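Protein sequences appear in the order of chains A and B. Residues 1180 to 1405 (the working numbering) are what the first sequence spells out, left to right. Residues 441 to 554 (the working numbering) are what the second sequence spells out, left to right.
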Amino acid sequence: MSRVEVEKKVLNENQILAEQLRERYRQHGILCVNLISAPGSGKTLLLEKTLERMDKRARVAVLTGDLQTENDAQRLAKFGFPVKQIVTGGTCHLDARMVERHLVNWELEELDLLIVENVGNLVCPSSYDLGEDAKIVLLSTTEGEDKPLKYPSIFFKSELMLLTKIDLLPYVPFKAEVAKENARRVHPQMEILDVSSTTGEGLDAWMAWLEARQRKAKEKTKLVSA
Amino acid sequence: MHELGIASSILESVQSAARRNPGAHITKVGVKIGELAGVDIDALQFGFECMVKDTEWEQLVLDVESIPRVQRCPKCQHEFRMSDYDPQCPRCGEFATQCIRGEELDIAYMEVDE
Chain A
1180 MSRVEVEKKV
1190 LNENQILAEQ
1200 LRERYRQHGI
1210 LCVNLISAPG
1220 SGKTLLLEKT
1230 LERMDKRARV
1240 AVLTGDLQTE
1250 NDAQRLAKFG
1260 FPVKQIVTGG
1270 TCHLDARMVE
1280 RHLVNWELEE
1290 LDLLIVENVG
1300 NLVCPSSYDL
1310 GEDAKIVLLS
1320 TTEGEDKPLK
1330 YPSIFFKSEL
1340 MLLTKIDLLP
1350 YVPFKAEVAK
1360 ENARRVHPQM
1370 EILDVSSTTG
1380 EGLDAWMAWL
1390 EARQRKAKEK
1400 TKLVSA
Chain B
441 MHELGIASSI
451 LESVQSAARR
461 NPGAHITKVG
471 VKIGELAGVD
481 IDALQFGFEC
491 MVKDTEWEQL
501 VLDVESIPRV
511 QRCPKCQHEF
521 RMSDYDPQCP
531 RCGEFATQCI
541 RGEELDIAYM
551 EVDE
């Protein structure tokens, strides 16, 4: 009997595809963000409000993942930007292959921002790189403050946490400071923004975050192609 | 929840190694699963057993090594096992320490009968 050392990622195939996607985004100066949260934390409503606030000439597209139904794509399509639904048919996360397949008919040179709304799930999406520039995790005030401690993987891998539904803070026992402290224990460098899609509070800061990251993505493209 | 997919990816790696090395009989595959990988090891073992049952890979053993989260302090270079989500360096008190281990989702080795 002999032992052969391998040193290979279990999700190597996904990783290779994700890196190819990342390179394509970089070539076209596209910022790609991957929105992840538990079901019902407000990903789709946040996206509706985000698209509503976008300049009509903005070059943005959305891929939205769900186990079943095209409901989210229908909700998001009314803003006039290209939207595609990825129906996973039961799979609890998106992977790089699904994203690649759904990009097929889109001209990437016509995009500046690609928003991927993952399947509502805090566990599995954290394992699958989609080639994004940043993962963004949403935590809503109707959940528990200890979620970052219960699901550390996704909070560790996300660059930004959006604390959603902050308009409900007066009515729920949720302590925002405790939730943020827990998030920073898992990931000290993570940025955190408070938002309410219902009242619009905090959405300016969120839009500014997206714009700043888009500028950064463009800079990176220029630097590499220079 | 996605452990079956992870189990399937591990088995695919073994099958592809077997195709590349005809005649080699792979008996065991070792994987490293970090604490931050978001993979439940019991569910992974269970999914793997279900997947190989009644196939030519039924005898294939999955050996899982669990990797705890280790942080490194950028100030004093101290490395410490992070417990209870406390990132603070126990030696110098620095808060912004970096994770250097615990994210693994790797195939480490395969054992072959020749």
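Don't be surprised by glycine CBs; every beta carbon is placed ideally from N, CA and C. These figures come from a predicted structure and were not determined experimentally.
When DSSP builds the beta bridges, which residues end up paired with B/G533? In DSSP, B/G533 forms no bridge with anything.
Could you work out which residues of chain A lie near B/C539, taking near to mean beta carbons separated by less than 8 Å? Residues of chain A passing the Cβ test: F1335.
Return the residues of the segment 1243-1276 of chain A that lie within a Cβ-Cβ distance of less than 9 Å from chain B, sorted by chain order. Within the segment 1243-1276 of chain A, the residues whose Cβ lies closer than 9 Å to any Cβ of chain B are, in chain order, T1270, C1271, H1272, D1274.
To which residues of the same chain is A/N1193 closer than 8 Å at the C-beta, ignoring the five residues directly before and after it? Counting only residues of its own chain and dropping the five nearest sequence neighbours on each side, A/N1193 has a CB closer than 8 Å to the CB of D1274, A1275, R1276, Y1307, D1308.
DSSP-derived helix/strand/coil call for B/G470: Residue state, collapsed to three classes: strand.
Among A/V1266, A/L1382, A/L1342, A/R1232, which one has its Cα closest to the Cα of A/K1326? With distances taken between Cα atoms, A/K1326 lies closest to A/L1342.
If you run the structure through DSSP and keep just helix, strand and coil, what is A/N1300? Looking at A/N1300 - three-state DSSP - the assignment turns out to be coil, as it is neither helix nor strand.
Interface residues of the segment 477-511 of chain B facing chain A [CB-CB below 8 Å]: Hits within the stretch, in order: A477, G478, V479.
So, at 7 Å on beta carbons, what are the nonlocal neighbours of B/G542 in its own chain, with the 5 sequence-adjacent residues on each side left out? The beta carbon of B/G542 sits closer than 7 Å to those of G474, E475, L476, I507, P508, R509, V510, all from its chain and outside the five residues before and after it, given in chain order.
Listing by chain order, which chain B residues have their CB less than 9 Å from the CB of A/R1182? Here the neighbours are K468, G470, Y549, M550, E551, V552.
Measure the beta-carbon distance from A/A1240 to A/F1258 and round it to whole angstroms, keeping in mind my assumption that it falls under 8 Å. Contact between A/A1240 and A/F1258 does not hold, since the beta-carbon distance rounds to 11 Å and is not under 8 Å.
Step through the CB atoms of chain E and report whether any lies within less than 8 Å of the CB of A/R1394. Protein chains in the displayed structure are A and B, and chain E is not among them.
Considering only the alpha carbon of each residue, which of B/C513, B/S523, B/V479 lies closest to A/P1304? Sorting B/C513, B/S523, B/V479 by C-alpha distance to the C-alpha of A/P1304 places B/V479 at the top.
A/T1270 versus A/G1244, A/E1360, A/Q1253, A/I1215, residue with shortest Cα-Cα distance: Measuring from the Cα of A/T1270, the nearest candidate turns out to be A/G1244.
What does A/C1211 reach in chain B if we use C-beta pairs closer than 9 Å? A/C1211 does not reach chain B, its nearest Cβ partner there being about 21 Å away, counting only Cβ pairs nearer than 9 Å.
Please classify A/T1223 as buried or exposed, where buried requires at least 16 other C-beta atoms within 10 Å of its C-beta. Around the beta carbon of A/T1223, a 10 Å sphere encloses 16 or more other beta carbons of the protein chains shown; the residue is thus reported as buried.
Should the segment 1349-1363 of chain A be regarded as contacting the segment 1380-1397 of chain A, the criterion being three or more beta carbon pairs within less than 8 Å? Taking one beta carbon from each stretch, the segment 1349-1363 of chain A and the segment 1380-1397 of chain A have fewer than 3 pairs nearer than 8 Å; the two do not touch.
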